[in-house]
Structures are given as structure tokens and as C-alpha cells.
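Q: Shown below is the structure under consideration.
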Amino acid sequence: MDETNPIGLFLVTSGSKGDRLLFRYPFDEEPNKDTDNRKNKKSPYALLNDNKDDLHILQEESAESDECSLHGFGDKLLSTLFAVKPELCGEKFELKIENVRFIGHPTHLPHLSNREKTTITMFNVVFALRADASYSIVDCYHDLTHRLSIAIRRDVVAASTIQVTHASAHDECLPEGSHTDSPFDLIIARSELAVQLKKTFEDLKSSGMVHTKINGWIEMSFCLPNKVHRLQDERLMVDPENIHACLKDLRPYHGLLLLTDAAELLSSLPEDSSPSLIRLISVTSPLKNLQQLAADADIILSHVFQLVSHLLYWGKATIIYPLCDNNVYMISPYAPTNIDSALAAKFAEQFPNTKLGLVLGLFSLPISLSELNDPMNSSYQQAQRVQMVMWMLRHRLLTQLHTYVYLIPPERTSSSNCEDIAQATITMESLELSSSYQSEDSLLSKDESEEEDDELSFREQDSVRLANLTPSERDAILRDAAFANSKDDLKYKEDLKNFVRFCPYFRGRHHLEEIMYCENIRRSHLLSLLDKFRSILVTCQFEDKAVVNLNRRL
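Quick note on numbering: the sequence shown equals residues -19 to 534 in our numbering.
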């Protein structure tokens, strides 16, 4: 059974007329086979003859069924459990009985001058979940009950109406009454609040998203991200904590990929949606990074990050690196590769005469988009190939690999290189210390050639300090720089200066795209520098941390 699905929904009130369970859903009758045992028991907590607890979740015998129902929780018992004291109002309500967990947010109603409007002093909207539901799911349901409580509190008349409806419905459903249906059927037919609560329960089970108006005018929206992302892929394990971790690692060079068509997404937005969100969706393209989207939508970058977090939370978009020829992709280890999968059929509808398995086969090994481009292909074929990559990224069939760099010097230095290292060390020290003994007059009076040599010393001193190099790393860098540029002293100094400046990025925590963005350097220049020091560098390819947080699997 899906732990994100609610098992029951209850509305309990307390007031001058006592504690009452005004509404519950679903309200199916108890199984007939337990009726006689229940009638003969004096206590609702007594054990049944089959040694099973009376209060538990009853799951259907069919293994294919995912439906569960509460068993043994009578209306009187639930009203007693959920009608808490005034001191507990305004706080999270959580109660666990056997394998059932109840989540609510009891709310105290203020004293009204006109006591004819309502006799309710407290109400509690409670959801029943499986006891093994994760903490993040429980926390989301508490947030939902809190929002429902705020909406109902703003319209006390609605709660009072359902109380009157509840009393009259129960009177009509007595054996001597004219109706034989459940009183909750009559309540749903007569109370708009009951209808909205029922719709909320069903929407949570079907889509994980709730859009409703309490009493027709108080709008409320809610998203259960655990359910929304799991509907996209049943193995996805994305909770609010994962989304927050992704946002923590989000950078302006990342891109945004909508999981639905932009026009469809815009049409599904509520009427009071932010104009900034509408502009952002309108200009979103997988070829642009967040900084470019902010400029195109005329929105400050910090606000773009907030809007992106909203789209991620509701499962409407995912994070990628903007598409370019240098992007390296590989088939995801979770991608379904069987030829008759549901995704294969969807792919065939989107791209006729093309099989998903053949396209995925191109990414069996890491490959860049530039390597996939055939010069003989037309512009239409190249554009279609990009659309295929976008489709596979939306369905999480591809994994983008980034290159991370590690600085790993040899453990011991060869004796034959001691003389070169000593000379290089002297050069390094001269670069670090030269700026410390230069006055302002000497800087203004030196000629152009001297200025070119001494220009390195200012930035070099800061770079060496920030790099925090160990003695072995320092020796290895100097040796490689000396060997690579033994005949060109100026080139040696330039490479040494740049490499030391980039050393903080060579700890395996920053990929090449991040280095390019932070240091404003071209890819060709960065690769050329790495190639000169390749003997002390190790490169690895794996996913971006921000993307990994949105692709966690069960």
C-alpha cells in the first residue's frame, strides 16, 4: 500500500452540546462477519476471539488491491479521542493506535457575541495514515490540517451548518425515520463543507494535489510532493527535504526543464497566480540558465530561485544543465529497457518511426551531444535529436555526467627533480613576496616590462593562501609547471598563477561547468590548463549534486 495515501478523514467538534464526530470519510459499514463479536463485547478495547486487535487497519485480501479501511473505530470513540482540551489547541495533534496514526491540528474558536450562530468552541480536522508513514509525509499532512483549520475558522458558519446538518441527518436515519441511508450520505448532500472535505480526501489519493474553496470563497491549495513525484515514477523517493537540499545546491548556471507543456501548465494555474511566475514559464527554455531566464523575464535572480522552488515542489519542473554540445549523457540505471514498456509506447507516439530502445542504445556509454551530431544530418534531424534528448530527460531516462577534478600529487618526489623544484620554489616565493616590498612610487615608476612580471605577485599571494596547499601538492605543482614551460618563463608564470588560483576547485566538489561560471573562463582555456598538469590531476564523471537530490530512488 502507498504510505502517502490517507486512510480516513474526520471532523470533530466540541462545545455546549458535547463532543461530536460531525463527518468522516470514507464511511462504509463495518464487515458483517465482525458484527456479532462487536455487539457481545462490553469494552471497545477487548480482544476478538481470533486474537486480533479491534482497532486496526483492515486491508483487502486481494494482493492487487491497494485499498485499506479503518476497522473498529466507532464515532463515539473517535469524538472522544479527537476532542482535546483547550490547552492543546493550536498545536500539532498526533495519536498512534496500533498500526494507525492520526494527524490533526485542533483549533479553538473565539467567544462570539451572538451565541445563536454556533455552539462550537473547538474543532479538529484529522487524517488517518499508516503508522509506518515517514516523518516527511506526516509533517505534510499536519500542514494540510493546519491550513484546513485556518480556512474553516475563518468561516465558522460553515462548521455550525454541518453541525445542524449532522443532527438532522442522524435523526432521519434512525430505524423509525424515513431514510435508511448512512447519515454521512445526507451530510454530503446538504453540506458544502462536507463536499470539500470529501474532494480533498479523494484528490490526495489520486494526484496528491488539492485545489479547493472552503464554503465557495476561501481558496486553498496544497501539494504532497511525496505523492506527486511518485506518480511520475513509482520508484522516486523525493520528499521536501530532498527539494530543500536541491535548492541549497542550486546555482545561476543551472537550467529549468518543464515536465509538462508550457501552455498546458499556464492554463492549469489558478486565477490569482503571480505574474512573475507566468512570465518565467513563458520564457523558460532548456537552452537557457537561470541567470538568462531572470533577464528575459525581467525578474531579479533571487525571486527566480523562489519561483523555481515552487515549480519543483509541485512536480512541474526539474533541474538540468542547459543543453549544449559539450553535455555528456548516459542511460540512467533506473531506465526501463524492455521494448514493450509504457514509455516506449509514449515515445513512439511522440516520435513516429523511431524506437526508444535504439535511441537509448546510443547512450550505453557516456557520450556528448556533439558526438551524436552527424554532419550529414539535416537541421530538422538535428532539432529532432534535441527534442528526443529533452523527452528522455523529462522522463528521467538519461543521466548527465559532469567532470570533477582531483589534485593528487605523488607521495614522494624523485631526487632528479629536486633542482627544478628548488628553482620553481624560489620563483613562487618571489611571486608571493615581491608585492610586500613595493612602494606606491615604485609601482608608478616601473616600466611596462617590469609591470608585466610583477603583476602576478598581487593575485598570486592571495591565490596561494586561499588554495591551502600541502607541501607535497605545492612541490608537485611547481615541478609540473617547470617541466611544461622550461623554455618559456613568462608562460610558466602565467600557468602557475592560473593553476594555483583554480586549486580550491580541484577537490572533487566542483565540476568544470561550475569552475567556468565562477572564474569566467572558457572551456578550451580550462581544458588546456588541466592538460598541462594532467600528471597530478585525476578526473571523474558523475552527476551534479542538485540533480541527484531530485532523482533519489527507493
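All residues carry an ideal CB built from backbone N, CA and C; glycine is no exception. As the structure is a computational prediction, the values presented were derived from the model and not from experiment.
Looking only at C-alpha atoms, which of 380, 182, 218 and 502 sits nearest to residue -13?
A: Closest option to residue -13, Cα to Cα, is 182.
Q: Quick check on residue 386: does DSSP put it in helix, strand or coil?
A: strand
Q: Taking DSSP as the reference, what is the three-state secondary structure of residue 501?
A: coil
Q: Alpha carbons only, please: which of 492, -18, 234 and 170 is nearest the one belonging to residue 3?
A: Put simply, of 492, -18, 234 and 170 the residue whose alpha carbon is nearest the alpha carbon of residue 3 is 170.
Q: Do you know offhand how far residue 520's Cα is from residue 279's?
A: 36 Å
Q: From residue 224 to residue 295, what distance separates their C-alpha atoms?
A: In this structure, the CA atom of residue 224 is about 14 Å from the CA atom of residue 295.
Q: Just how far apart, CA to CA, sit residue 61 and residue 289?
A: 38 Å
Q: Output the distance between the C-alpha atoms of residue 527 and residue 236, rounded to the nearest integer angstrom.
A: 11 Å
Q: With which residues is residue 0 paired in a DSSP beta bridge?
A: -7
Q: Candidates 104, 67, 52 and 75: which alpha carbon is nearest residue 1's?
A: 104
Q: For residue 295, which of helix, strand or coil comes out of DSSP?
A: coil
Q: Helix, strand or coil for residue 486, going by three-state DSSP, please let me know.
A: coil
Q: Do the CB positions of residue 311 and residue 285 come within less than 7 Å of each other?
A: no
Q: Are the CB atoms of residue -16 and residue 130 nearer to each other than 7 Å?
A: no
Q: Helix, strand or coil for residue 110? Go by DSSP, reduced to three states.
A: Looking at residue 110 - three-state DSSP - the assignment turns out to be strand.
Q: Would DSSP call residue 379 helix, strand or coil?
A: strand
Q: With a Cβ-Cβ cutoff of 7 Å, do residue 257 and residue 385 count as a contact?
A: no
Q: By the DSSP assignment, the alpha helix (DSSP H) with residue 177 in it spans what residues?
A: 172 to 186
Q: What three-state label does DSSP hand residue 556 in the structure shown?
A: Residue 556 is absent from the model: the chain starts at -19 and stops at 534.
Q: For residue 493, count the other beta carbons within 10 Å of its own beta carbon; 16 or more makes it buried, fewer makes it exposed. Which is it?
A: It is buried - the Cβ of residue 493 has at least 16 other Cβ atoms within 10 Å.
Q: Can you grab the Cα-Cα spacing for the pair residue 360 / residue 372, in whole Å?
A: 18 Å
Q: Going by C-alpha distance, which of 128, 350, 375 and 283 is nearest residue 365?
A: From the listed residues 128, 350, 375 and 283, the smallest Cα separation to residue 365 is found for 350.
Q: With 16 other CB atoms within 10 Å as the buried threshold, where does residue 252 fall?
A: exposed
Q: If you drop the 5 nearest sequence neighbours on each side, which residues of the same chain put their C-beta closer than 7 Å to that of residue 283?
A: By the criterion of a C-beta distance shorter than 7 Å, residue 283 is surrounded in its chain by 256, once the five residues flanking it on both sides are discounted.
Q: Taking DSSP as the reference, what is the three-state secondary structure of residue 317?
A: coil
Q: So what does DSSP say about residue 405, is it helix, strand or coil?
A: With a pLDDT of 46 at residue 405, under the threshold of 50, the predicted position of this residue should be treated as unreliable, though the coordinate-derived value follows. Here residue 405 sits in helix by DSSP.
Q: Using a 10 Å radius around the Cβ and a threshold of 16 neighbouring Cβ atoms, would you call residue -6 buried or exposed?
A: Buried: at least 16 other Cβ atoms inside 10 Å.
Q: So if DSSP puts residue 190 in a beta bridge, which residue, or which two residues, is it bridged to?
A: 202
Q: Where does the unbroken alpha helix (DSSP H) through residue 309 begin, and where does it stop?
A: That residue, residue 309, is in no alpha helix (DSSP H); its beta strand (DSSP E) goes 308 to 311.
Q: Checking the sheet assignment: what are the DSSP bridge partners for residue 248?
A: The partner list for residue 248 (beta bridge, DSSP) is empty, contrary to what the question assumes.
Q: Would DSSP call residue 300 helix, strand or coil?
A: strand
Q: What do you get for residue 226, buried or exposed, if any count of 16 or more other CB atoms within 10 angstroms of its CB means buried?
A: buried
Q: Using a Cβ-Cβ cut-off of 8 Å (strictly less than) and excluding sequence neighbours within five positions of residue 498, which residues of its own chain qualify?
A: These residues qualify, in order along the chain: 485 and 490.
Q: Check for me: the beta strand (DSSP E) holding residue 520 runs from which residue to which?
A: 517 to 522
Q: For residue 315 and residue 203, what's the separation of their Cα atoms in angstroms?
A: Whole-angstrom Cα-Cα distance: 26 Å.
Q: According to the neighbour-count rule (16 or more other Cβ atoms, all chains shown, within 10 Å of its Cβ), is residue 167 buried or exposed?
A: Burial call: buried.
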